[in-house]
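Only one structure is covered here, and it is reproduced in the block below.
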Amino acid sequence: MLGLNIKLWLLVQFQIIEPWPFPAAPIFALSVILGCVGATFGIGLWIMRNHKQYPARAETMVLFLMCLLPFTFVQVGYG
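For the sequence shown, my numbering begins at 840 and goes up steadily by one.
Below you can see the structure in the form of structure tokens.
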């Protein structure tokens, strides 16, 4: 999700695609919402694994935290 947001922003910023006909805002909002859903799922999985005392894999925790980054940036910037 973070990579998608960066690629879309760079395409519009460097005028590779026209910003008017390209729906960057809805795609950005959708990717932030999907990132929030993924991060919520990851936090729930992390809590469940810690509650049952199963080992949590570091790779999956990093992945879920990366899903949380776009939501955090939007919340800090606009919230």
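Ideal placement from N, C-alpha and C gives every residue a C-beta, glycine not left out.
Along the alpha helix (DSSP H) that carries Trp859, what are the first and last residues, could you check?
Careful: Trp859 lies outside any alpha helix (DSSP H) and carries neither H nor E.
Sub-7 angstroms separation of Leu850 and Ile856 beta-carbons:
In this structure, Ile856 lies closer than 7 angstroms to Leu850 by Cβ.
Assuming Ser870 and Pro909 make a contact with CB atoms under 8 angstroms, what is their CB distance in whole Å?
7 angstroms
Can you tell me whether Ala868 is buried or exposed? The criterion is at least 16 other CB atoms within 10 Å of its CB, across all chains shown.
exposed
Do Phe903 and Gly883 have their C-beta atoms within less than 7 angstroms of each other?
Against a cut-off of 7 angstroms, the Cβ pair of Gly883 and Phe903 comes out as no contact.
What three-state label does DSSP hand Arg896 in the structure shown?
Looking at Arg896 - three-state DSSP - the assignment turns out to be coil, as it is neither helix nor strand.
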